[in-house]
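All remarks here apply to the structure that follows.
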Amino acid sequence: MVQEYGLFIGGKWKKFEAKRFETRNPATGEVLATFPLATGDELNGAVRAAKGAFDKWRKMPPPRRGELLFEAARIFRRKKEDLGRIVTSEMGKVIAEGRGDVQEVIDFYEYAAGEGRRMFGETVPSELPNKMCLTVRMPVGPVGLITPWNFPMAIPGWKSGAALIAGCPFVLKPSSLTPLCAAKFVDVLDEAGFPPGVVNMVTGNGSVVGDGLVAHPDIRAISFTGGVETGKHVYESAAKKMIKVGLELGGKNPILALDDADMDLLMDGVMFGAFGTAGQRCTAASRLIVHQKIYEQVTDALVERAEKLHVGNPIEEDVDMGPVASLDQEKKVLEYIDIGKKEGDKLLTGGKKLKGGAYDKGFFIAPTVFAVDRKSRLAQEEIFGPVLSVLKAKNYEDAVAIANSVKYGLSSSIYTNDLRRAFRAMHDLEAGITYVNAPTIGAEVQLPFGGIKETGPTDTREAGPTALEEFTYWKTIYVDYSGRLQRAQIDTEKLSGG
Ligand code: NDP
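Residues 1 to 498 (the working numbering) make up the sequence shown, in order.
In structure tokens:
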């Protein structure tokens with residue numbers, strides 16, 4: 001019996017007689033659950049609940065809010081295996097990564113909980129005697145969290161952990177491909193005991209519920225992760241209300257392989273970076289820029305390694321790569337493979353849908369490697385699938401120029417044993433993140449995460465101490481304990497005259 005979910009509003013699962021949609025396992029086609037296609041009415045109800053909870057939630061001391069986050073982290077830890085299996089079943093990443101998705105929530109909730117005892121402001125000297133000046137962080141109000149399918153627990157975890165500790169109730173609008181993960185996520189928060197209305201979740205079409213959430217007059221900040229075109233639309237709509245908006249929109253992340261790179265280390269990193277999560281990470285290594293001296297050696301090794309990857313049902317422990325997440329994803333990736341072939345890029349391995357037996361039930365694509373020209377679309381556009389584009393560089397400077405020639409700037413990496421070139425790359429690569437001798441993936445929650453260029457505006461960063469920026473504003477406070485009227489800028493002469 002397929003479970004029929006409702007919407008989580010005001011601390012309760014509410015049934016709605018609305019139209020419903022199914023969520024399916026991309027490896028097997030099995031229907032996992034159904035969810036309501038909510039409309040504006042249900043969305044209004046969720047925002048009302050969040051707004052109603054704001055005053056009480058903002059007044060709860062942040063360390064007390066932190067205790068609830070710690071409790072949620074404990075429950076996530078206890079349920080990690082079950083939740084990890086749900087991530088894998090609904091999204092299609094291999095089970096080790098499914099567990100990792102849940103671990104990211106645990107890590108960030110623990111980190112954010114600790115932030116409840118910090119959340120530092122500043123005390124600043126006054127120009128007047130017997131007067132004190134300070135800054136405090138204030139929660140912006142009820143917020144909207146719009147999340148994609150590729151990290152179906154981790155991304156709701158990063159966004160909600162920061163919103164909650166900041167004092168902001170939220171309405172989560174998860175991807176329509178992974179609502180079950182979001183529902184299980186919300187169940188944990190419910191069990192942890194967050195007050196009614198602090199946590200809300202509404203499912204439905206992005207163009208209805210997502211759009212409506214951004215435009216809603218009572219929503220005071222939006223945190224969005226997804227595609228560039230949707231992100232630009234969200235940015236425009238949020239700008240009309242002059243609210244805070246955090247956007248994380250993907251990348252075309254390069255690994256630079258210099259001529260002195262440790263070859264085994266490089267190949268391990270490239271395989272994980274390019275084909276982990278079947279290439280469906282915003283930080284995936286989708287370009288490998290190789291020094292001409294080692295180009296043949298690297299491409300030969302790549303083909304050999306890619307052809308050894310075991311592609312199959314990701315719930316099985318020995319599988320290296322699962323399916324892509326949906327039929328739309330499959331179509332998009334296969335279209336890019338066709339584009340590469342038509343533009344004259346050289347297919348080195350893969351380049352096809354896998355067929356026969358269990359493959360016919362899911363969206364399986366062979367790990368694909370193309371040797372591409374630096375101007376080709378495969379070198380420039382985000383594919384978001386198991387397709388790696390390899391480019392040849394003349395030297396370090398040329399490799400950096402190629403790396404920086406795309407419209408994205410999220411993650412980047414360099415493999416070299418030359419300290420001087422490694423340090424230069426840390427400054428030369430146009431990206432929010434640079435790894436040295438590690439692939440482009442593997443962010444840790446205690447550091448800021450985000451990009452530049454069309455990856456998103458640089459004024460917000462998820463995770464790390466910067467996570468609070470998305471959901472708080474600075475209030476400046478002046479306390480005058482002189483007992484008389486003191487006038488800044490005007491009383492200066494009198495003061496200096498004694
Ligand atoms: P979208 O940008 O369409 O979706 C991301 C989220 O936004 C989903 O929850 C979606 O809801 C919602 N949404 C859709 N339309 C609107 C709207 N008008 N206003 C507000 N919210 C909206 O990404 P897709 O899932 O379709 O993936 C498309 C491409 O985006 C991928 O192929 C990839 O290139 C990129 N992507 C990047 C990610 C990243 O990590 N940066 C993650 C996922 C995708 P719904 O699911 O109901 O449409």
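Built from N, CA and C at the ideal position, the CB exists for glycine as well. Here the structure is a predicted model, which means the values were calculated and not measured.
If you look at LYS392, you'll find it in the beta strand (DSSP E) that goes 387 to 393. Around the Cβ of GLU115, a 10 Å sphere holds 16 or more other Cβ atoms; the residue is buried. Looking from the CA of ASN44, the closest CA among GLN446, MET138 and GLY210 belongs to GLY210. Counting only the Cα atoms, ILE9 lies some 14 Å from PHE54. A distance criterion of 8 Å places the beta-carbon of ASP211 in contact range of the ligand NDP, judged by its closest non-hydrogen atom. Between the C-alpha atoms of PRO323 and LYS352 there is a straight-line separation of about 13 Å. The Cβ neighbour count for ALA257, taken over all protein chains shown within 10 Å, is at least 16; the residue is labelled buried.
The DSSP assignment places complete beta strand (DSSP E) segments of no fewer than 3 residues inside the segment 398 to 435 at 411 to 415, in order along the chain. For TYR5, the secondary structure class from DSSP, reduced to helix, strand or coil, is coil. When DSSP assignments are scanned along the segment 139 to 181, the uninterrupted stretches of beta strand (DSSP E) that are 3 or more residues long and fall wholly within it turn out to be 143 to 146 and 170 to 173. By the neighbour-count definition (other C-beta atoms within 10 Å, threshold 16), GLY144 is a buried residue. SER176 has its CB nearer than 8 Å to a heavy atom of the ligand NDP. Where LEU354 is concerned, there is no enclosing beta strand (DSSP E), because DSSP gives it neither an H nor an E. Considered as a whole, the segment 43 to 131 harbours 62 to 78, 80 to 91 and 95 to 115 as its complete alpha helix (DSSP H) runs of no fewer than 4 residues, in chain order. Residue state for GLY197 is assigned as coil, using DSSP reduced to three classes. Inter-segment contact for the segment 240 to 256 and the segment 400 to 407 is present: three or more beta-carbon pairs are separated by less than 8 Å.
When DSSP states are grouped into helix, strand and coil, PRO465 belongs to the helix group. In this structure, DSSP gives THR492 a helical state, which the three-state scheme calls helix.
DSSP lists ARG287 as the beta-bridge partner residues of PRO254. Put simply, of LEU128, ALA113, THR135 and ASN130 the residue whose alpha carbon is nearest the alpha carbon of GLU122 is THR135. Remark: the C-beta of GLY100 is outside contact range of the ligand NDP, defined as less than 8 Å to any heavy atom. Distances from the CA of VAL234 to each of GLY206, ALA261 and GLY250 were compared; the closest alpha carbon is that of GLY206.
Relative to the ligand NDP, the beta carbon of PRO156 is positioned no closer than 8 Å to any heavy atom.
Distances from the CB of PRO148 to the heavy atoms of the ligand NDP include at least one below 8 Å. Sequence-distant partners of SER376 (beyond 5 residues in either direction) whose C-beta falls short of 6 Å from its own C-beta, in its chain, are GLU343 and ASP345.
VAL319 sits in coil when the DSSP states are folded into three classes, being neither helix nor strand.
DSSP places SER237 in the uninterrupted alpha helix (DSSP H) bounded by 228 to 241. Sequence-distant partners of ALA166 (beyond 5 residues in either direction) whose C-beta falls short of 6 Å from its own C-beta, in its chain, are PRO139, LEU468, PHE471 and THR472. Counting C-beta pairs with one atom in each stretch, the segment 218 to 237 and the segment 419 to 439 have fewer than three that are closer than 8 Å, which means they do not touch. According to DSSP, residue pairing for TYR473 in a beta bridge involves MET138.
Under the DSSP definition of a beta bridge, ALA371 partners with LYS346 and VAL390. When the five nearest sequence neighbours on each side are left out, the beta carbons in the same chain lying within less than 8 Å of the beta carbon of PRO196 are those of GLY10, GLY11, LYS12, ALA49 and ALA53, in order along the chain. At a Cβ-Cβ threshold of 9 Å, ALA33 and GLN3 count as neighbours. Nearest C-alpha to GLY442 among PRO367, GLY273, GLY451 and ASP338: GLY273.
Within the chosen limit of 8 Å, the ligand NDP does not reach the beta carbon of VAL105 with any heavy atom. Residue environment: VAL199 is assigned as buried (16 or more neighbouring CB atoms within 10 Å of its CB, all protein chains considered).
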